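S.K.:
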Amino acid sequence: MIKSFGNKTKVAVFISGRGTNLKSLFYFSKKKKSKVEICIVISNKKYAKGLNFAKKQNIKFQTYTFKNNLKDELKVLQILKKKNINLICLAGFMKILSKEFIKRFKGKIINIHPSLLPKYKGLDTHNRAINNNDKYSGCTVHYVTPKLDSGKIILQRKVKIFKNDNAKSLKKRILKQEHKIYPKALKMILN
Ligand code: GRF
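Residue numbers (the working numbering): -2 to 188.
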């Protein structure tokens, strides 16, 4: 359970790309009685598409390359502290955070992954599921620990793999479900 200060949990969303999960989390945060406030978006890519959405919605955002991981992580930690962030949601964030960073936010970082973990940790999950002739794939929201894609599972959703699926078509269907389960998972851990 995430402890928050005041009546809303202050969330930072970390992205690297399109930011469609950021969108779904943001719209969820704007619902009546929502217990969530998205206070900042952090991106490791200056031109991540998701930043346009942040701009449009007046969400504060910062970009750091994370090339010098430690230096940038320290800067990020500072800003998260300044904004009293209680929870980090990774949403297509393609950098691996250091052990130290994760420890500082122990139990307060969650991620969405496009497979039914513990199957297919890492990249290229859709192709791997198809090539393995799996009947189902799906998506998982889980806590982040120093071991990649291995933290406790919060919520999963299965998606059927059809005979004529390719990585693109499967990805599209799974993404749709991601947009549903990420807010749901947030709700679960905040209640
Ligand atoms: C999603 O498929 C997510 O599961 C994975 O990266 C993708 C991010 O998509 N970790 P978006 O940037 O939220 O559209």
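Glycine is no exception: its CB is placed at the ideal position from the N, C-alpha and C atoms.
The structure displayed is predicted, hence computed values, not measured ones.
Can you tell me whether K155 is helix, strand or coil according to DSSP?
M.R.: As a first step, residue 155 must be located in the sequence shown, where it is residue number 158. Of the three classes helix, strand and coil, the one that applies to K155 here is strand, per DSSP.
S.K.: Based on Cα-Cα distance, which residue from K184, F102, A164, L94 lies nearest to V138?
M.R.: In the sequence shown, residue 138 corresponds to position 141, counting from 1. For V138, the nearest C-alpha among the options comes from K184.
S.K.: With a cut-off of 8 Å, do at least 3 Cβ pairs link the region 8 to 24 to the region 159 to 167?
M.R.: Taking 8 Å as the limit for Cβ pairs, the verdict is that the region 159 to 167 does not touch the region 8 to 24.
S.K.: Looking at the ligand GRF, does it come within less than 6 Å of A9, judged from the CB to the closest heavy atom?
M.R.: Position 12 of the sequence shown, counting from 1, holds the residue named residue 9. Outside the cutoff, so no.
S.K.: In the DSSP assignment, what are the bridge partners of H110?
M.R.: Taking the first residue of the sequence shown as 1, we reach residue 110 at position 113. H110 pairs with T137.
S.K.: Helix, strand or coil, according to DSSP, for Q59 in the structure here?
M.R.: One-based indexing of the sequence shown puts residue 59 at position 62. Three-state DSSP puts Q59 in a strand.
S.K.: Could you please give me the residues that DSSP links to K7 through a beta bridge?
M.R.: Translated into positions along the sequence shown, residue 7 becomes position 10. Its beta-bridge partners are E34.
S.K.: Between R194 and the ligand GRF, is the CB less than 6 Å from at least one heavy atom?
M.R.: The structure shown has nothing for residue 194, since the chain only spans -2 to 188.
S.K.: Alpha carbon to alpha carbon, what distance is there between I99 and L190?
M.R.: Outside the modelled stretch of the chain, which goes from -2 to 188, sits residue 190, for which no answer is possible.
S.K.: From what residue to what residue does the beta strand (DSSP E) around I201 run?
M.R.: With the chain running from -2 to 188 in the structure shown, residue 201 is simply not present.
S.K.: Can you tell me which residues form a DSSP beta bridge with S40?
M.R.: For this step, residue 40 is matched to residue 43 along the sequence shown. In the DSSP output, where bridge partners are listed per residue, S40 has I12, T60.
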